[in-house]
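For the sequence shown, the numbering used here gives the first residue as 883, with consecutive numbering after it. We treat Cβ as the ideally placed atom computed from N, Cα and C, and that holds for glycine. Input: a single structure, listed below in structure tokens.
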Amino acid sequence: MKAPVCMDCWRRENLTFAQRLDPAFIKPGPKFRCAIHQAMVDADRPDSGGHATPQAA
Numbered sequence: 883m884k885a886p887v888c889m890d891c892w893r894r895e896n897l898t899f900a901q902r903l904d905p906a907f908i909k910p911g912p913k914f915r916c917a918i919h920q921a922m923v924d925a926d927r928p929d930s931g932g933h934a935t936p937q938a939a
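So this is what it looks like as structure tokens:
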């Protein structure tokens, strides 16, 4: 069985800059992220307790 690959790392290593911006290459669904990318995503979520910027009232 193949080990899961971080989707953000894979995109950075295998797609050109233009392809990374193209919606055709952005696929929804279950995602695996490495510890570095998962920490970045968690920090951006306001409900995760990360250091995200506060939302305006």
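Give me the residue from the options with the minimum Cα distance to residue i.
| i | options | result |
| --- | --- | --- |
| I908 | A917, Q920, V887, L897 | L897 |
| A885 | D924, D926, R927, R915 | R915 |
Closer than 6 Å by C-beta to residue i: which residues in its own chain qualify, once you throw out the five before and the five after it? Chain order, please.
| i | result |
| --- | --- |
| P889 | A quick correction: the sequence has Met, not Pro, at residue 889. Excluding sequence neighbours, M889 sits near K913. |
| Q901 | F907 |
Spatial neighbours of residue i within its chain, please: C-beta separation below 8 Å, excluding the five flanking residues on both sides.
| i | result |
| --- | --- |
| C891 | C916, H919 |
| V887 | F914 |
For residue i, which residues of its own chain have a beta-carbon under 7 Å away from its beta-carbon, when the five flanking residues on both sides are left out?
| i | result |
| --- | --- |
| R893 | R902 |
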